[in-house]
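Please read the structure below before turning to the comments.
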Amino acid sequence: MDLRLSAEQDQLVDAFRSLYAKHAPPDRVRDAELVGHDPELWSQLQGLGVIEMAIDEDRGGWGASMLDLALVAEQHGRHVAPAPLIERQVAARALARLESPRLDDVLSGDRVTSIALHPSVDGVAPAVPAASVADDVLVLVGDALCLVPVSAGSAFENLGSMPLADVGTDGGEVLEGG
8 MDLRLSAEQD QLVDAFRSLY AKHAPPDRVR DAELVGHDPE LWSQLQGLGV IEMAIDEDRG
68 GWGASMLDLA LVAEQHGRHV APAPLIERQV AARALARLES PRLDDVLSGD RVTSIALHPS
128 VDGVAPAVPA ASVADDVLVL VGDALCLVPV SAGSAFENLG SMPLADVGTD GGEVLEGG
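Be aware that the sequence shown starts at 8, since it is given in the working numbering, and climbs by one per residue.
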């Protein structure tokens, strides 16, 4: 079994390594520490199609493999990049699976969407990654998967300086279940 990366995967790693070296050096990461997000870095990542790569071709994406996404995530983590990439890719993949028309807003860059890692409890999804910089969050509310506007979010300080927020789930749009 050959476990070496393909030439295309080597190019992918090199492209993201270069991007992060240029746009996420340690001083820029420190500068973004208070909010855990660097909009300029995100703009560069979006220009490379980081969300599109995570979506199957039949839904308007590039159809990258899970290994390709993991290689990008590895470079993202290696540089402690202050842009919530993984959360946004996972949310976009979920919207694609649901065949939600909301995916178009995410792919166009009009909406920043994240995903809650825990279901809501008493009307609040706790410690949602990227919620303090997101427009919407996918949240499990009871048996329903809902898209919740983050206007009800409450950011809080944390040791990792990540853009976490608690998100109220009132006014969410049911996408599936419920």
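Using N, Cα and C, we set each Cβ at its ideal position, and we do this for glycine too.
Local Cβ density within 10 Å of residue i, reported as buried at 16 or more and exposed below that
i           : result
residue 38  : exposed
residue 18  : exposed
residue 95  : buried
residue 75  : buried
residue 128 : exposed
residue 181 : exposed
residue 84  : exposed
residue 159 : Because the pLDDT at residue 159 is just 48, under 50, the model does not fix this residue reliably, and the value given afterwards should be weighed accordingly. Label assigned to residue 159: buried.
residue 154 : buried
residue 169 : buried
residue 137 : buried
residue 13  : exposed
residue 10  : exposed
Cβ-Cβ separation, residue j to residue i (assumed contact under 8 Å), whole Å
i           : j           : result
residue 45  : residue 89  : 4 Å
residue 140 : residue 176 : So it is not a contact: roughly 19 Å between Cβ atoms.
residue 123 : residue 113 : Incorrect: roughly 16 Å between the Cβ atoms, too far for contact.
residue 135 : residue 171 : 7 Å
residue 57  : residue 92  : 6 Å
residue 144 : residue 120 : 7 Å
residue 63  : residue 101 : Not quite, the Cβ-Cβ distance comes to about 12 Å (not below 8 Å), so this is no contact.
Among the options, nearest to residue i - alpha-carbon criterion
i           : options           : result
residue 67  : 79, 36, 111       : 111
residue 133 : 29, 174, 102      : 174
residue 179 : 60, 9, 157        : 157
residue 183 : 77, 155, 130, 150 : 150
residue 97  : 21, 20, 73, 130   : 73
residue 189 : 36, 60, 146, 77   : It is not possible to answer for residue 189, since the shown part of the chain is limited to 8 through 185.
residue 81  : 14, 54, 24, 8     : 24
residue 53  : 14, 116, 108, 152 : 116
Residue i in three-state terms, based on DSSP
i           : result
residue 84  : helix
residue 127 : coil
residue 183 : strand
residue 93  : helix
residue 36  : helix
residue 52  : helix
residue 13  : coil
residue 41  : coil
residue 136 : coil
residue 203 : Residue 203 is absent from the structure shown; the chain starts at 8 and stops at 185.
residue 112 : helix
residue 147 : strand
The ligand ZN heavy atom lying under 7 Å from the CB of residue i
i          : result
residue 94 : This structure simply doesn't include the ligand ZN, nor any ligand for that matter.
Any C-beta of chain C under 8 Å from that of residue i
i          : result
residue 91 : Protein chains in the displayed structure number just one, and chain C is not present.
Exercise. Counting Cβ pairs, one atom from each stretch, are 3 or more of them under 8 Å apart for the segment 48-59 and the segment 29-36?
Worked result: yes
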